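Participant: First the structure, which I've put down as structure tokens, then a few questions once you've had a look.
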Amino acid sequence: MKLPELKKKFTKKYVIRIIAGVLVVGMVGTGVSTANVFAAKTAQESTESTESTEKDSKKSDTKDSDAESKLKDALDDSIKFSEKEIGKEETVYVLADSTGKERKVIVSDHLINDENKDTIEDASTLKDIENVKGDETFKQDGSKLTWQADGNDIYYQGTSTKETPVSQTITYSLDGKEVKPEELAGKSGKVTIRFDYTNNETVKTKIDGKEEEIYVPFAAISGMVLDDSFSNVKVTNGKVISDGKNNIVVGYALPGLKESLDVDDSDFDGDVSIPDYVEVTADVENFSLSTTMTVVMNATNFISKDGDADLSEVDDMLDTLTDATDQLKDGSGELADGVDTLKSKMGEFKDGVGTLKNGIKDYTDGASTLSTGIGTLKSGVDTLAGSVPTLISGVGTLKDGSASAAKGASSLKDGAGTLKKGAKDVSTGANTLSKGASDLSTGANTLSTGVNDLSTGADTLSTGASDLSTGADTLAAGASSLNTGVQTLAKGVKDLNTAVNGGETTLAGGASAVSAGVDTLVGKLGDMAATLQTKKDQINANLQANGTSIENAQATIESLKSAQSNLMNGIAMYSTNSTGATALFTQVGQALGGVSINSVDDAMTVAVSLSDKIATIGQAQGAVSAIDEAASQISDPTTQAQLTALQAGAKQVADGAAQASGAISTMAGKMDDLTSGSGQVAQGASDLATGAGTLKKGASDLATGATKLKKGAGDLATGAGTLKKGAGDLATGAGQVADGATTLHKGASDLSDGLNTLDGGIGQLKEKAGSLATGAEQLKSGTDQLATGASTLVSNNQKLNDGAGTLSDGTDAIIDGVGELSDGAHQLADGITEFSEDGIDEIINSYNGDIEPLVDRIQAVLDAGADYQTYTDIADGVNGSVKFIIKTDAVKAED
1 MKLPELKKKF
11 TKKYVIRIIA
21 GVLVVGMVGT
31 GVSTANVFAA
41 KTAQESTEST
51 ESTEKDSKKS
61 DTKDSDAESK
71 LKDALDDSIK
81 FSEKEIGKEE
91 TVYVLADSTG
101 KERKVIVSDH
111 LINDENKDTI
121 EDASTLKDIE
131 NVKGDETFKQ
141 DGSKLTWQAD
151 GNDIYYQGTS
161 TKETPVSQTI
171 TYSLDGKEVK
181 PEELAGKSGK
191 VTIRFDYTNN
201 ETVKTKIDGK
211 EEEIYVPFAA
221 ISGMVLDDSF
231 SNVKVTNGKV
241 ISDGKNNIVV
251 GYALPGLKES
261 LDVDDSDFDG
271 DVSIPDYVEV
281 TADVENFSLS
291 TTMTVVMNAT
301 NFISKDGDAD
311 LSEVDDMLDT
321 LTDATDQLKD
331 GSGELADGVD
341 TLKSKMGEFK
351 DGVGTLKNGI
361 KDYTDGASTL
371 STGIGTLKSG
381 VDTLAGSVPT
391 LISGVGTLKD
401 GSASAAKGAS
411 SLKDGAGTLK
421 KGAKDVSTGA
431 NTLSKGASDL
441 STGANTLSTG
451 VNDLSTGADT
461 LSTGASDLST
471 GADTLAAGAS
481 SLNTGVQTLA
491 KGVKDLNTAV
501 NGGETTLAGG
511 ASAVSAGVDT
521 LVGKLGDMAA
531 TLQTKKDQIN
541 ANLQANGTSI
551 ENAQATIESL
561 KSAQSNLMNG
571 IAMYSTNSTG
581 ATALFTQVGQ
591 ALGGVSINSV
601 DDAMTVAVSL
611 SDKIATIGQA
621 QGAVSAIDEA
631 ASQISDPTTQ
641 AQLTALQAGA
651 KQVADGAAQA
661 SGAISTMAGK
671 MDDLTSGSGQ
681 VAQGASDLAT
691 GAGTLKKGAS
701 DLATGATKLK
711 KGAGDLATGA
721 GTLKKGAGDL
731 ATGAGQVADG
741 ATTLHKGASD
751 LSDGLNTLDG
761 GIGQLKEKAG
771 SLATGAEQLK
781 SGTDQLATGA
791 STLVSNNQKL
801 NDGAGTLSDG
811 TDAIIDGVGE
821 LSDGAHQLAD
831 GITEFSEDGI
841 DEIINSYNGD
851 IEPLVDRIQA
861 VLDAGADYQT
871 YTDIADGVNG
881 SVKFIIKTDA
891 VKAED
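Structure below.
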């Protein structure tokens, strides 16, 4: 039958809308759930105070946790509720025993503040209301609440004793015989687990002129995870999903719907029905069940897209249902393709993790190399610091020598002045001698006496000039050596200046970077202290939620241990003295705040729960001790003093490096003056040697002439001409002596000035040598601290490499998980196709009854569902949504 013909035939059979809607919920029940059933604070408080004890080994605990996680995944909250604007979202957590009997109800409410209002009006009948995600406060007037929201959403929770709209009863059978859950634990055989649901929420309405009672439509979806001890698993009104190791069972029911519509299963064709229970059968070895979860939701949310039911839109609904099914088929196919793509890329992901691991290894190797380099630097700095005293001593010696040289040069300058004056006098006398040669005959006697004196003086002058020439040569050689040494010293200082101040990374810059890094390290340690305090406050808040605190934790543990011991004593004596045991149970229950303990089973349950609470408080104690120890280490005066010394040392390194850099730069600038002065000294000494040689020659000529004069005095008349020539020669030699004396005086003056300049430069070098010593010590201290820090860095290399190895090892597990995900995506695509081909067509063709009389009932059911928006209360004009999550205790054998 073609779809248009089918639509025409069922134009007024409105029941298609509700039945199709609710059965869609059931058939895709594996996709309905609550993400994060026990989120944030609710999870911690509810599980600590109400869940059954975990007696099994750590392996068994992990197994149960995995099972519960898979169950939550199977009940994924993928179906959207009505698209009307919701102002209040409510989730009701029901903690129940293994038979489904309620033990505690916790309600979490979310007030949505899309308009960023300062205040939000709300209504609630909850007790013990607490803001769980912020510090916003509220005022209460009866059931009316006014929240000071300050533009934020509000998340709060409380407790309630109000009856839930749907309750469940779970029964267990072993080999056809009904048994209690505690009797079933650890047994083997054919097991049946049945969920029966009771709809407790009704409204009265007029139907065909009569007042009828209509149930608010709810969909109940129950699920459980059965491990590999279960086989041949079958479910009535549900389906089984296997992941290879576990069977995830999900079933659905619509309690009260058949009664509201006044129909039964015989009104439907084939296998289509409106279920009101879920039943699971299986063969089991050593029965154990970690938990079951049931999600109860307003079925109207799945029937009407906008929450306002209108049965006149059947045609549009059928089109939408058909289109949505096609989209679901296409989407599941695309999902499978996308997962295949993800699976194909996991090789690249694994390669990337390998690259990361290798990169971390390269980093740690680099850190080790850095540490070795810092050790080498430290050794060089130690050598430099040890050489500075020798340098300072040499500068002092050089200063003393330059002062002595300057003093001798000054004396030489004075002697050269005297020599210059004497040479001038000699020249004048020689000229006079030449002029008086014509009067030789008159002054023969005087000449004879003068010639004798001249001969003696000339010999003395010749000897002195010879000595002077030898000394001047020695002085010139010394001045040349001094100039060479000064040039070498200047080059060394300039090379040192280039090494310290001329590179891309200067000594001062590197030391400054070290100082900044030390400051950052100290700051991070300060932040760590604040973080530890925050963790301690969080632990204390959790302890307070359990009725104790950090200060009272030990006393609370002792009190709980005492109560537990009394319970165990009562259990032991119950068989012989039930009255005394019961009295002891009552006494312990009162001490625990009014806990009801009426039997040995109750006593065992409470004793086990006390073990969990004792362990929780003990773990918190241990965590606080560890935090206090870490905080104490950070705040310890010795640690702080070391950190302060580290900062000061780094600062001293930076300052010392800057000072050393400046001193070396200044020294390099003075080297030009020093080299210039030493050059002048060498030139003056050379000039002095030249003048002394000339003087020596003149003195020798004078002695020769005087000898000739003395020898020719007897033959005065004959030797007059010779005397005249000798007198001329004498005048010439005297002039040369005068010139040499002038040159000697100038060289001595230059030598004196150059040595004075040298002495000043060496004095400045000596003054700066002290700063160099200080800077070298600061540099040595800084490198010692740098070496210590590098050693600490290297000590953590192994932890970093171990973490990278763990990540690399986990990559294979991720790849395996993606493979399982790919298999599941293809199964989903196949299931959606089967659902489209079998489910929708079967739904549309299944109902045979006369639909006209049901119109009012269907509309009444839809209206009842649309009106039910909260379990507690809601403010006027606000739309709400509510869902219920029922979690049962585990069924396990006693150890």
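Read in order, the letters of the sequence shown correspond to residues 1 to 895 in UniProt numbering.
Glycine is no exception: its CB is placed at the ideal position from the N, C-alpha and C atoms.
Remember, it's a predicted structure, so these values are computed and weren't measured experimentally.
What does DSSP give as the partner residues of S173 in its beta bridges?
Facilitator: E178, T192
Participant: Would you kindly work out how many angstroms separate the C-alpha atoms of A587 and A555, rounded to a whole number?
Facilitator: Here residue 587 turns out to be Gln, not Ala, going by the sequence shown. Taking the straight line joining both Cα atoms gives about 19 Å.
Participant: So who's on the other strand from H745, going by DSSP bridges?
Facilitator: According to DSSP, H745 bridges with nothing at all.
Participant: Report the partner residues of I252 according to the DSSP bridge assignment.
Facilitator: First, the residue type needs correcting, since residue 252 is Tyr and not Ile in the sequence shown. According to DSSP, which records beta bridges pairwise, Y252 is partnered with I221.
Participant: Whose CA, out of S661, A689, S752, lies closest to the CA of T743?
Facilitator: For T743, the closest of S661, A689, S752 by C-alpha to C-alpha distance is A689.
Participant: Return the bridge partner residues of T888 from the DSSP annotation.
Facilitator: A96
Participant: Checking the sheet assignment: what are the DSSP bridge partners for L289?
Facilitator: V891
Participant: Please say whether V107 and T639 have beta carbons closer to each other than 8 Å?
Facilitator: no
Participant: Give me the Cα-Cα distance between G394 and G735, rounded to the nearest whole angstrom.
Facilitator: Taking the straight line joining both Cα atoms gives about 46 Å.
Participant: Leaving out five residues on either side along the sequence, give the residues of the same chain with a beta carbon under 6 Å from the beta carbon of V381.
Facilitator: L779, K780, T783
Participant: Taking G740 as the reference, which of R857, Q533, S469 has the closest Cα?
Facilitator: Scanning R857, Q533, S469 for the CA closest to the CA of G740 turns up S469.
Participant: Of the residues G510, G151, I193, G100, which one's Cα is nearest the Cα of S661?
Facilitator: G510
Participant: For V107, list the residues DSSP reports as bridge partners.
Facilitator: V92, G158
Participant: Three-state secondary structure (DSSP) at V653?
Facilitator: helix
Participant: Considering Cα atoms alone, identify which of S242, K204, G880, I170 is closest to Q827.
Facilitator: Sorting S242, K204, G880, I170 by C-alpha distance to the C-alpha of Q827 places S242 at the top.
Participant: For E629, count neighbouring C-beta atoms within 10 Å of its own C-beta (all shown protein chains included) and say buried if the count is 16 or more, exposed if not.
Facilitator: exposed
Participant: Could you pull out every residue in the same chain whose Cβ sits closer than 7 Å to the Cβ of I617, ignoring the five residues on either side in sequence?
Facilitator: L543, N546, T548, A553, T556, I557
Participant: If you draw a straight line from the alpha carbon of S635 to that of L560, how long is it in whole angstroms?
Facilitator: 35 Å
Participant: Let's test the definition: count the other Cβ atoms within 10 Å of the Cβ of G677 and tell me whether it reaches 16, buried, or not, exposed.
Facilitator: buried
Participant: Please report the straight-line C-alpha distance between Q659 and S771, rounded to a whole angstrom.
Facilitator: The alpha-carbon atoms of Q659 and S771 are separated by roughly 7 Å.
Participant: Report the rounded CA-to-CA distance for N566 versus D612, giving the unit in angstroms.
Facilitator: 17 Å
Participant: Does DSSP put T202 in a helix, in a strand, or in coil?
Facilitator: T202: strand per DSSP, three-state reduction.
Participant: Pull the bridge partners of T294 from the DSSP assignment, please.
Facilitator: S222, I886
Participant: Curious, which full-length alpha helix (DSSP H) runs of at least 4 residues does the region 544-624 contain?
Facilitator: 553-574, 578-591
Participant: In three-state terms, what does DSSP make of A123?
Facilitator: strand
Participant: Leaving out five residues before and five after S515 in sequence, what residues of the same chain have Cβ atoms less than 6 Å from its Cβ?
Facilitator: These residues qualify, in order along the chain: A650, K651, A654.
Participant: Out of A866, S749, K711, A645, which has the shortest C-alpha to C-alpha gap to D788?
Facilitator: Here residue 788 turns out to be Thr, not Asp, going by the sequence shown. That would be A645, whose Cα lies nearest to the Cα of T788.
Participant: Determine the closest residue to V882 out of N113, G457, N298, V263, with distance taken between C-alpha atoms.
Facilitator: N298
Participant: Can you tell which of D823, L643, G238 has its C-alpha closest to the C-alpha of L335?
Facilitator: Closest in alpha carbon position to L335, among D823, L643, G238, is D823.
Participant: For a quick check, are the C-beta atoms of V263 and I193 less than 8 Å apart?
Facilitator: no
Participant: Helix, strand or coil, according to DSSP, for I858 in the structure here?
Facilitator: Helix, per DSSP.
Participant: Compare the Cα-Cα distances from D141 to each of I614, A123, Q157, Y156 and report the closest residue.
Facilitator: A123
Participant: Near N232, which residues of its chain fall below 7 Å by C-beta distance, leaving aside the five closest residues on each side in sequence?
Facilitator: A282, D283
Participant: Within 10 Å of its beta-carbon, does D889 have 16 or more other beta-carbons around it, so buried, or fewer, so exposed?
Facilitator: Buried is the call here.
Participant: Is there contact between the region 160-175 and the region 131-141, where contact requires at least three CB pairs shorter than 8 Å?
Facilitator: No: the two stretches stay apart, fewer than three of their Cβ pairs being nearer than 8 Å.
Participant: Kindly indicate which three-state DSSP category S455 falls into: helix, strand or coil?
Facilitator: Of the three classes helix, strand and coil, the one that applies to S455 here is helix, per DSSP.
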